[in-house]
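Student: Here it is, the structure in full.
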Amino acid sequence: TTGNFHVITHDHMAAMKDQAIVCNIGHFDNEIDVASLNDYEWEEIKPQVDHVIFPGEGGKPGKRIILLAKGRLVNLGCGTGHPSFVMSSSFANQTIAQIELFAHADAYDVGKVYVLPKHLDEKVARLHLKKVGAMLTELSDEQAAYIGVPKQGPYKPATYRY
Numbered sequence: 003t004t005g006n007f008h009v010i011t012h013d014h015m016a017a018m019k020d021q022a023i024v025c026n027i028g029h030f031d032n033e034i035d036v037a038s039l040n041d042y043e044w045e046e047i048k049p050q051v052d053h054v055i056f057p058g059e060g061g062k063p064g065k066r067i068i069l070l071a072k073g074r075l076v077n078l079g080c081g082t083g084h085p086s087f088v089m090s091s092s093f094a095n096q097t098i099a100q101i102e103l104f105a106h107a108d109a110y111d112v113g114k115v116y117v118l119p120k121h122l123d124e125k126v127a128r129l130h131l132k133k134v135g136a137m138l139t140e141l142s143d144e145q146a147a148y149i150g151v152p153k154q155g156p157y158k159p160a161t162y163r164y
């Protein structure tokens with residue numbers, strides 16, 4: 003889940019493919035363990051886009067990851083529009099909200115604005131994981147305590163607003 007520290011650890015980045023793109027859109031720069039990369043060689047590709055070059059082995063050059071906005075909020079540092087993936091997430095949220103309203107019409111007052119329940123918002127996220135080749139991992143006890151949620155979710159408190 004986002005909004006936590008070390009969601010992407012050094013071990014995760016070390017296991018990524020060469021030229022993997024790493025970015026953060028939800029928290030501070032400690033969501034990605036950028037500090038663990040400080041001793042590696044960095045090469046600026048262009049502003050807000052860096053190659054982080056891992057040490058090589060056996061005389062071979064090390065792999066590179068592409069780190070956006072130095073691990074800070076990419077939507078603020080690199081934003082240039084609304085990619086189709088973001089639009090898909092937004093439209094899926096709207097569709098699931100309509101299904102919820104239809105299926106449970108008696109639970110909602112006409113003319114009132116409601117926030118999409120967290121479990122439905124997280125359902126939309128899960129539906130999009132395959133497209134990006136990702137899968138959910140379980141929060142550690144420390145991570146769950148840090149953000150004050152159950153390990154199995156929902157991963158944001160009811161008061162959290164996106």
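When we follow our numbering, the leftmost residue of the sequence shown carries the number 3, and every step to the right adds one. Ideal placement from N, C-alpha and C gives every residue a C-beta, glycine not left out.
Closest to V117 by CA distance: which of L103, N26, D20 is it?
Tutor: As a first step, residue 117 is located in the sequence shown; it is residue number 115 there, counting from the start. Among L103, N26, D20, the Cα nearest to that of V117 belongs to L103.
Student: So the beta strand (DSSP E) E175 belongs to, where does it begin and stop?
Tutor: The chain is shown only over 3 to 164; residue 175 falls outside these bounds and no answer can be derived.
Student: Rounded to a whole number of angstroms, what is the C-alpha to C-alpha distance between V134 and P63?
Tutor: Within the sequence shown, the letter at position 132 stands for residue 134. Within the sequence shown, the letter at position 61 stands for residue 63. Going from the Cα of V134 to the Cα of P63 covers about 27 Å.
Student: For the beta strand (DSSP E) that contains H53, what are its first and last residues?
Tutor: In the sequence shown, residue 53 corresponds to position 51, counting from 1. Counting along the chain, the beta strand (DSSP E) containing H53 begins and ends at 51–55.
Student: For the stretch 114–130 against the stretch 81–101, are there 3 or more C-beta pairs whose distance is under 8 Å?
Tutor: yes
Student: Can you tell me which of the three DSSP states I67 falls into?
Tutor: Position 65 of the sequence shown, counted from the first residue, corresponds to residue 67. In the structure shown, I67 sits in a strand (DSSP, three-state: E or B).
Student: Would you kindly work out how many angstroms separate the C-alpha atoms of V76 and V24, rounded to a whole number?
Tutor: Within the sequence shown, numbered from 1, the residue matching residue 76 stands at position 74. Within the sequence shown, numbered from 1, the residue matching residue 24 stands at position 22. So the two alpha carbons sit approximately 10 Å from each other.
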